[in-house]
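So the structure is just underneath, and the comments pick up after that.
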Amino acid sequence: MSPDGSRSMEEAIAAGRAQYVAQNYRQALDLFTDAIKLCPCEVEKKKRKRGDSVGQGFDENAQENQAATELPTLECDNRLHLQALSYRAGTFEKIPNLRRAQADARRMMDIAPCSPERLDKARNPLKPKFSKVDPLGSFASLSWMSKARLPGELVRMIFGRLELSTLCEQLWRSLIFTGASAPRKALSFNAMRKLLSHSLNDIRELVIDDAYKFGLDQRKFNAVLSAGTKLERLELTSPCEALDLTRVPGRLTHLRLGGFHRFYRPNYAGRDTFVYFLLTVASTLESLSLAGIPRQWLTDMAMPIMTNLRHLRLIGDEEQPWSLSVVHLLRNTPQLEQLYLDDVSVDCRPPDEEPFDNCCVPNLKSLTIIDRRSRLLDRDDGFWIGNINEATIEAYKHLVALSLGKKLKALQLRYTWECTSRGQAQNDIFSHMYREDAHAYENLEVLRLSKLAISPRIARRLFELPIRAGKLRSFDIVFPLPTLVEAQGQSSADHLQKYQWLEGAESIRCIGLYDFSFKSYINAWDHPLVKFLQKFPCLEELKLASTVARDYEFLLIVEDVLASVKLKTIYASQLTGSSFDKIRRLARKLGVTFVWERKATEWPVNVTDN
0 MSPDGSRSME
10 EAIAAGRAQY
20 VAQNYRQALD
30 LFTDAIKLCP
40 CEVEKKKRKR
50 GDSVGQGFDE
60 NAQENQAATE
70 LPTLECDNRL
80 HLQALSYRAG
90 TFEKIPNLRR
100 AQADARRMMD
110 IAPCSPERLD
120 KARNPLKPKF
130 SKVDPLGSFA
140 SLSWMSKARL
150 PGELVRMIFG
160 RLELSTLCEQ
170 LWRSLIFTGA
180 SAPRKALSFN
190 AMRKLLSHSL
200 NDIRELVIDD
210 AYKFGLDQRK
220 FNAVLSAGTK
230 LERLELTSPC
240 EALDLTRVPG
250 RLTHLRLGGF
260 HRFYRPNYAG
270 RDTFVYFLLT
280 VASTLESLSL
290 AGIPRQWLTD
300 MAMPIMTNLR
310 HLRLIGDEEQ
320 PWSLSVVHLL
330 RNTPQLEQLY
340 LDDVSVDCRP
350 PDEEPFDNCC
360 VPNLKSLTII
370 DRRSRLLDRD
380 DGFWIGNINE
390 ATIEAYKHLV
400 ALSLGKKLKA
410 LQLRYTWECT
420 SRGQAQNDIF
430 SHMYREDAHA
440 YENLEVLRLS
450 KLAISPRIAR
460 RLFELPIRAG
470 KLRSFDIVFP
480 LPTLVEAQGQ
490 SSADHLQKYQ
500 WLEGAESIRC
510 IGLYDFSFKS
520 YINAWDHPLV
530 KFLQKFPCLE
540 ELKLASTVAR
550 DYEFLLIVED
560 VLASVKLKTI
570 YASQLTGSSF
580 DKIRRLARKL
590 GVTFVWERKA
600 TEWPVNVTDN
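For the sequence shown, numbering that gives the first Met the number 0 gives the first residue as 0, with consecutive numbering after it.
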């Protein structure tokens with residue numbers, strides 16, 4: 000044995016680890032305890048305790064003075080002591096003896112307050128991170144501290160050792176000017192320079208919701224680029240002038256631009272600043288959101304190749320009637336995972352007259368299509384408009400059938416069409432999925448339709464497989480519009496009756512019901528909608544909206560649903576006045592969260608990884 004006893008501690012710990020691997024937990028506990036007793040701080044504590052006990056032997060009031068004689072905890076910098084305590088706590092969890100495991104975790108907090116390992120054990124002693132080869136070999140370290148809830152005194156100790164300039168430098172690297180944080184008036188150039196200097200001219204994020212109000216001109220933007228050589232996130236909307244990228248941020252991964260297309264100049268001999276901006280940063284982008292598409296992307300198919308892009312969001316403009324080639328778009332984004340198209344005219348014309356490849360983006364998990372102009376399909380406004388709409392619909396059909404539906408996990412469609420429309424079968428967006436080789440969206444998790452009324456038979460063919468597999472958690476039903484000759488609520492009741500195959504699905508957490516119309520029922524439990532919703536055991540969230548039901552009918556339906564269906568959240572945005580107050584009071588009484596605002600389209604969509 001060496002004088003400091005460290006060798007014996009190592010031997011005891013190694014022997015305890017061997018016993019742990021052999022699942023001899025009692026023997027492992029004894030060996031870890033022996034290792035702890037050999038630590039010099041434990042030996043010193045025994046000496047102090049022995050001396051104090053001898054001195055108190057003749058004290059008649061020893062019990063009364065016990066609190067005064069308690070020994071303060073000694074900090075120990077011996078890593079073997081901390082290691083033995085950590086291993087013993089993990090072994091106590093295996094027995095299990097959680098009280099002793101927690102006691103060892105608290106002991107680790109006392110003897111080594113600055114150790115990341117003791118923080119991990121003290122925060123969650125029930126999850127020891129043992130490896131297969133060496134079950135007691137390693138624990139989470141500094142990477143865990145970024146997510147941990149550290150004790151207040153430790154936080155003050157850590158930040159107390161940092162200089163104020165260092166703290167400000169980290170804080171000002173993210174400049175977010177949205178909502179209340181946006182300046183009330185335009186910033187001067189000197190104010191902008193001073194703002195950037197707080198981060199030591201090393202900003203990583205810049206978000207400006209209204210660049211016009213902010214006063215972001217080319218001179219200030221050049222200052223931002225000079226201070227943002229390591230810029231990772233840039234979001235600018237409504238600029239006051241065309242902004243040229245004079246310096247390339249080599250680490251830019253997240254880009255959102257809005258209104259830059261307004262500065263396009265036809266027949267201009269120089270370079271287009273918007274196109275050059277996107278072309279320069281295309282190689283590093285992982286997320287791109289554009290409100291207004293570059294003219295050259297639409298007319299010349301001059302979209303750059305973005306090999307790392309995973310999320311793409313495009314929002315069209317009324318002043319841009321040209322179509323975007325879906326084939327060219329998908330070819331230039333081979334790693335695309337989420338695609339969002341909002342009022343964008345698209346077509347599937349191939350650049351080389353090649354057939355459409357529905358497997359060109361094998362990683363696509365989420366598709367969102369919003370087309371508020373689809374209602375123009377029934378109008379006879381001329382041959383030209385009809386051709387544009389037909390090309391767009393054909394492109395939609397190809398998009399929803401990418402990889403034959405096998406890889407898609409989220410499908411959000413705001414596209415007006417009804418399964419009962421006569422002579423409109425060519426506008427069915429799912430027509431390419433009726434082929435025998437389609438996979439019927441077997442991995443789908445989120446389905447939002449909003450305006451697309453499909454037949455229950457087709458819905459069963461397309462979406463029953465992910466429901467029975469326990470994957471589809473959000474499902475929407477859009478009811479066909481009632482006819483003038485039918486009894487009140489008859490078509491909605493018949494449509495809902497055909498969804499019996501959906502009843503009882505345990506995976507469904509959220510249901511959206513749109514454009515329904517039911518007659519009034521004296522008893523809530525007789526209502527077909529209430530009986531339908533009661534058959535979902537795990538239902539948590541319900542979205543209700545109808546342009547057909549009258550206000551009083553809609554109020555009664557919401558009341559019946561709240562009183563008879565167990566929910567956590569309900570969305571009903573069309574309630575106003577006294578109806579709104581009545582439903583809000585009822586929901587509060589029943590413990591249900593009532594949301595009056597319409598649920599926004601989710602972006603990016605939260606889907607599970609493979």
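Where a beta carbon is used, it is the ideal one built from N, C-alpha and C, also for glycine.
Nonlocal neighbours in the same chain, by C-beta distance under 7 Å from GLN26, ignoring five residues either side: On the sequence shown, residue 26 is found 27 positions in, with the first residue counted as 1. GLN18.
Outcome for GLY576 when other beta-carbon atoms lying within 10 angstroms are tallied against a minimum of 16: Position 577 of the sequence shown holds residue 576. With a threshold of 16 other beta carbon atoms within 10 Å, GLY576 falls short and is exposed.
Length at least 4, wholly inside the stretch 503 to 540: the alpha helix (DSSP H) runs in chain order: Within the stretch 503 to 540, the complete alpha helix (DSSP H) segments of 4 residues or longer fall at 527 to 532, listed in chain order.
Bridge partners - ASP370, DSSP secondary structure assignment: The residue you call residue 370 lines up with position 371 of the sequence shown. BP columns for ASP370 point to TYR414.
Cβ-Cβ distance between ALA34 and ALA83 below 8 Å: Locating residue 34 in the sequence shown gives position 35, counting from the first residue. Locating residue 83 in the sequence shown gives position 84, counting from the first residue. For ALA34 and ALA83, yes; Cβs fall inside 8 Å.
Beta-carbon gap between LEU543 and LEU512 smaller than 8 Å: By one-based count along the sequence shown, residue 543 stands at place 544. By one-based count along the sequence shown, residue 512 stands at place 513. Contact flag set, yes.
Proximity of PRO361 and LYS408 at Cβ, strictly below 8 Å: Your numbering for residue 361 matches position 362 in the sequence shown. Your numbering for residue 408 matches position 409 in the sequence shown. Cβ distance not < 8 Å, so PRO361 and LYS408 don't count as in contact.
Where VAL325 falls: helix, strand or coil (DSSP): Mapped onto the sequence shown, residue 325 falls at position 326. Looking at VAL325 - three-state DSSP - the assignment turns out to be helix.
Between the CA atoms of LEU174 and ASN506 - distance to the nearest angstrom: Translated into the one-based positions of the sequence shown, residue 506 becomes position 507. Translated into the one-based positions of the sequence shown, residue 174 becomes position 175. The sequence given here places Ser at residue 506; Asn does not occur at that position. Across the structure, SER506 and LEU174 are spaced so that their CA atoms are roughly 41 Å apart.
Distance CB(PHE176)-CB(THR90) smaller than 8 Å: As a position in the sequence shown, residue 176 is number 177, starting the count at 1. As a position in the sequence shown, residue 90 is number 91, starting the count at 1. The answer is no: Cβ separation not under 8 Å.
Straight-line Cα distance separating LEU289 from ARG549: Walking along the sequence shown from the start, residue 549 turns up at place 550. Walking along the sequence shown from the start, residue 289 turns up at place 290. Each residue's alpha carbon lies about 39 Å from the other.
Environment of ASP525 [buried if 16+ CB atoms lie within 10 Å]: If you number the sequence shown from 1, residue 525 lands on position 526. When all chains shown are included, ASP525 counts as exposed.
Cutoff 6 Å; reference TYR498; Cβ partners in own chain excluding five residues on either side: Your numbering for residue 498 matches position 499 in the sequence shown. So the list reads PRO455, once near-sequence residues are dropped.
Nearest-angstrom Cβ-Cβ length linking ILE428 and LYS450, presumed shorter than 8 Å: By 1-based counting over the sequence shown, the position of residue 428 is 429. By 1-based counting over the sequence shown, the position of residue 450 is 451. Wrong, their Cβ atoms sit about 11 Å apart, outside the cutoff.
Segments assigned beta strand (DSSP E), at least 3 residues, entirely inside the stretch 188 to 263: Unbroken beta strand (DSSP E) stretches of 3 residues or longer found wholly inside the stretch 188 to 263: 204 to 207, 232 to 236 and 253 to 257, given in chain order.
For VAL280, three-class secondary structure by DSSP: Within the sequence shown, numbered from 1, the residue matching residue 280 stands at position 281. VAL280 sits in a helix when the DSSP states are folded into three classes.
For PHE355, the three-state DSSP class (helix, strand or coil): Taking the first residue of the sequence shown as position 1, residue 355 is located at position 356. PHE355 falls in the coil class under three-state DSSP.
Assumed close pair GLU234, ARG255 - CB separation to whole angstroms, cut-off 8 Å: Sequence index remark: in the sequence shown, residue 234 carries index 235 (1-based). Sequence index remark: in the sequence shown, residue 255 carries index 256 (1-based). ARG255 and GLU234 do touch by the CB rule: their CB atoms are close to 4 Å apart, below 8 Å.
GLN319 classed as buried or exposed, judged by whether at least 16 other C-beta atoms fall within 10 angstroms: For the purposes of this step, residue 319 is identified with residue 320 of the sequence shown, where counting begins at 1. With 16 or more neighbouring CB atoms inside 10 Å of its own CB, GLN319 falls in the buried class.
Nearest candidate by alpha-carbon position, reference VAL477, set SER490, PHE259, HIS310 and ALA504: Translated into the one-based positions of the sequence shown, residue 477 becomes position 478. Here the closest residue by C-alpha is SER490.
PRO293, buried or exposed, once every other Cβ within 10 Å from all chains shown has been counted against 16: Taking the first residue of the sequence shown as 1, we reach residue 293 at position 294. Its Cβ being crowded by 16 or more others within 10 Å, PRO293 is buried.
Host beta strand (DSSP E) of ILE175 (start-end): Along the sequence shown, read from residue 1 onward, the residue named residue 175 stands at position 176. Start and end: 173 to 176.
Beta-bridge partners of ALA544, as assigned by DSSP: On the sequence shown, position 545 is the one that residue 544 refers to. Bridge partners of ALA544 according to DSSP: TYR513.
Cβ shell of PRO603 (< 6 Å), same chain only, five flanking positions each side left out: One-based indexing of the sequence shown puts residue 603 at position 604. Cβ within range, chain order: HIS310 and GLN337.
Secondary structure of PHE579, DSSP reduced to three states: Position 580 of the sequence shown holds residue 579. Of the three classes helix, strand and coil, the one that applies to PHE579 here is helix, per DSSP.
Among ALA504, LEU495 and THR546, nearest to VAL529 - alpha-carbon criterion: Taking the sequence shown and counting its residues from 1, one reaches residue 529 at position 530. Its Cα nearest to that of VAL529, the residue LEU495 stands out among ALA504, LEU495 and THR546.
Proximity to THR306 [Cα-Cα], best of SER572, LEU79, PRO465 and ARG330: Numbered from 1 along the sequence shown, position 307 holds the residue referred to as residue 306. Considering only alpha carbons, the answer is ARG330.
Endpoints, beta strand (DSSP E) assigned at ARG312: What you label residue 312 is simply residue 313 of the sequence shown in a count that begins at 1. Run containing ARG312: 310 to 314, per the beta strand (DSSP E) assignment.
Cα-Cα separation, VAL154 to ARG160: By 1-based counting over the sequence shown, the position of residue 154 is 155. By 1-based counting over the sequence shown, the position of residue 160 is 161. Each residue's alpha carbon lies about 10 Å from the other.
CB contact flag (LEU613, LEU308, <8 Å): Outside the displayed range of the chain (0 to 609) lies residue 613, so it cannot be described from this structure.
Given GLU10 as reference, the closest of LYS44, VAL42, HIS80 and GLU43 once Cα atoms are compared: Locating residue 10 in the sequence shown gives position 11, where the first residue counts as 1. It is HIS80.
For GLN337, three-class secondary structure by DSSP: Position 338 of the sequence shown, counted from the start, is the residue given in the question as residue 337. Strand.
Exposure label - TYR24; buried when at least 16 CB within 10 Å: Taking the sequence shown and counting its residues from 1, the one referred to as residue 24 is at position 25. Label assigned to TYR24: buried.
Residue(s) in a DSSP beta bridge with TYR19: Residue mapping note: residue 19 aligns to position 20 of the sequence shown, counting from 1. In DSSP, TYR19 forms no bridge with anything.
CYS239 versus ASP208, LEU340 and GLY269, residue with shortest Cα-Cα distance: As a position in the sequence shown, residue 239 is number 240, starting the count at 1. Cα-wise, what sits closest to CYS239 is ASP208.
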